[in-house]
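Q: Dropping a structure here in structure tokens format, bear with me for questions.
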Amino acid sequence: MMSRECESMRPLISAYMDGELTPTEEAQLQQHLAECSHCRNLLEEYRQLRDQLRYLPPAEPPPHLRQQIWHETVEQEVARRGRHRPWAIRPRLSFSTAALSVAVLVVLALLLSLGYQRALPPAVAGSAPKDGQLWPIYQPIEITFNKPMDRQSVIENLRIAPAAERERLPVSWRGTTLIIGA
Numbered sequence: 001m002m003s004r005e006c007e008s009m010r011p012l013i014s015a016y017m018d019g020e021l022t023p024t025e026e027a028q029l030q031q032h033l034a035e036c037s038h039c040r041n042l043l044e045e046y047r048q049l050r051d052q053l054r055y056l057p058p059a060e061p062p063p064h065l066r067q068q069i070w071h072e073t074v075e076q077e078v079a080r081r082g083r084h085r086p087w088a089i090r091p092r093l094s095f096s097t098a099a100l101s102v103a104v105l106v107v108l109a110l111l112l113s114l115g116y117q118r119a120l121p122p123a124v125a126g127s128a129p130k131d132g133q134l135w136p137i138y139q140p141i142e143i144t145f146n147k148p149m150d151r152q153s154v155i156e157n158l159r160i161a162p163a164a165e166r167e168r169l170p171v172s173w174r175g176t177t178l179i180i181g182a
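Be aware that the sequence shown starts at 1, since it is given in full-length UniProt numbering, and climbs by one per residue.
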């Protein structure tokens, strides 16, 4: 027959099986189990039951359950809204897909523009003074190229007449613009 102490230990036995006891509670239960064969038998029954449950096959849902869930969630939502909008059903997926698409487009645009820029032959995009224009000697000359240039190569191939002026005039760069005399 089970005593009052055994009745108070029963929840501790279940918690012990689940690993939920504090060290104090576990010590209290171990002391009781050492003295009480009834509770030791109950603990053994719990262990056997746990072992039997482990070997049960997984429960199979009824065949109609998937269709019923689909009907009660998706189809009713579509009917309630009046039209089918897949992005309303899965907004997170749609947002992440859109964000990924935008990122891919940005990367492609950058790669294409860089490739296009590399494919262009180097050319003068603009200059000051314009061809044939009179220009004061104290005013710097600016030549803008259509893409980044090998600066040293441009300076080495620069022809200034008379030749002595080339040594006198300072040369600098601002982006793709060569500045002579500033």
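The beta carbon of each residue, even a glycine, is placed where N, CA and C say it ideally should be.
Since the structure is predicted, the reported quantities are computational estimates derived from the model, not experimental observations.
With H, G and I counted as helix, E and B as strand and the rest as coil, what does DSSP make of ARG174?
A: In the structure shown, ARG174 sits in a strand (DSSP, three-state: E or B).
Q: Where are the alpha helix (DSSP H) runs, 4 residues long or more, that stay fully inside the UniProt domain "Putative zinc-finger" (6 to 40), in chain order?
A: 23 to 35, all fully within the UniProt domain "Putative zinc-finger" (6 to 40).
Q: I'd like the list of long-range same chain contacts for GLY126, defined as Cβ closer than 6 Å, with 5 residues on each side in sequence excluded.
A: Cβ within range, chain order: THR144.
Q: What whole-angstrom Cβ distance do ILE179 and PRO140 have, given they're in contact under 8 Å?
A: Yes, ILE179 and PRO140 are in contact; Cβ-Cβ is about 5 Å, under 8 Å.
Q: State the start and end residues of the unbroken beta strand (DSSP E) segment that holds LEU69.
A: Residue 69 is actually Ile in this sequence, not Leu. Per DSSP, ILE69 belongs to no beta strand (DSSP E); it is in the alpha helix (DSSP H), 65 to 70.
Q: If contacts are defined as beta-carbon pairs under 8 Å, then ASN146 and PRO122 qualify, I think. What distance do you get, rounded to the angstrom?
A: Contact flag correct, Cβ pair sits at about 7 Å.
Q: Three Cβ pairs or more, each shorter than 8 Å: is that satisfied between the stretch 46 to 61 and the stretch 10 to 21?
A: Segments in contact, yes.
Q: Taking DSSP's pairing of strands, which residues face ILE137 in a bridge?
A: Answer by DSSP bridge pairing: none, since ILE137 is not bridged.
Q: Residues in its own chain within less than 8 Å of ALA182 by CB, not counting five upstream and five downstream?
A: So the list reads PRO140, PRO170 and SER172, once near-sequence residues are dropped.
Q: Output the distance between the C-alpha atoms of PRO61 and GLY19, rounded to the nearest integer angstrom.
A: The straight-line gap from Cα to Cα measures roughly 30 Å.
Q: Would you give the residue range spanned by the beta strand (DSSP E) that VAL124 belongs to?
A: VAL124 -> beta strand (DSSP E) spans 124 to 128.
Q: So the candidates are ILE137, PRO23 and ARG151; which of them puts its Cα closest to the Cα of ALA161?
A: Answer by Cα proximity: ILE137.
Q: Classify GLU165 as helix, strand or coil using the three-state DSSP reduction.
A: It is helical.
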